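Participant:
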Amino acid sequence: MRNFENVAKLFKSKRLEHPKKYSQAELSALLGYKNGQFISNVERGLCSIPLKMLARVASILDIPWEEMRKSLLEDYAVTVDAHFKAGGTGPGNSTKDKNFGSSISSEVKVEFN
């Protein structure tokens, strides 16, 4: 199962702390969605923001790109860790590969140039 916890926290905090204090419905409309359900789903960690919308969301909510990127990568690391720990399936999933998941750190260090 995919993890969206960091993106959810970032998205909700930036929406509520924004000077315009957008409601879920208002933000949803700005992003081209019909109602606030999508925003609610993102903020509860049920889904993430589509890649094609990231720049728009970052612009509307004044989220620095580095902060958005860090949250996305942290969520992806948790997802990958969980996949390997569960004995992930797919090409290259041999007994030798199963030990790979045990050495993955759930902590992500992101460096920006």
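Quick note on my numbering: the sequence shown kicks off at 306 and runs consecutively. The beta carbon of each residue, even a glycine, is placed where N, CA and C say it ideally should be. The structure displayed is predicted, hence computed values, not measured ones.
#1: On the CB-based measure, 16 or more other CB atoms within 10 Å of its CB, does Glu322 come out buried or exposed?
#2: Check whether the segment 309–329 and the segment 348–356 are in contact - that is, three or more C-beta pairs closer than 8 Å.
#3: Note down the Cα distance separating Phe309 from Lys375, rounded to an integer number of angstroms.
#4: Do Val312 and Asp367 count as a contact pair if the criterion is CB distance below 7 Å?
#5: Please classify Phe405: does DSSP put it in a helix, a strand, or coil?
#6: Let me know if Leu356 comes out buried or exposed under the rule of 16 or more other beta-carbons within 10 Å of its beta-carbon.
#7: Can you give the beta carbon distance from Leu332 to Ile344, rounded, assuming they're within the 8 Å contact cut?
#8: Would Gly337 and Ala330 be called neighbours here (beta carbons separated by less than 7 Å)?
Facilitator: With the structure as the only source:
#1: exposed
#2: yes
#3: 12 Å
#4: No, Cβ-Cβ distance for Asp367 and Val312 is not below 7 Å.
#5: At Phe405, the pLDDT of 48 sits below 50, so the modelled position is not reliable and the matter cannot be decided from this model.
#6: Exposed: under 16 other Cβ atoms inside 10 Å.
#7: At roughly 5 Å, the Cβ-Cβ gap stays under 8 Å, so Leu332 and Ile344 are in contact.
#8: no
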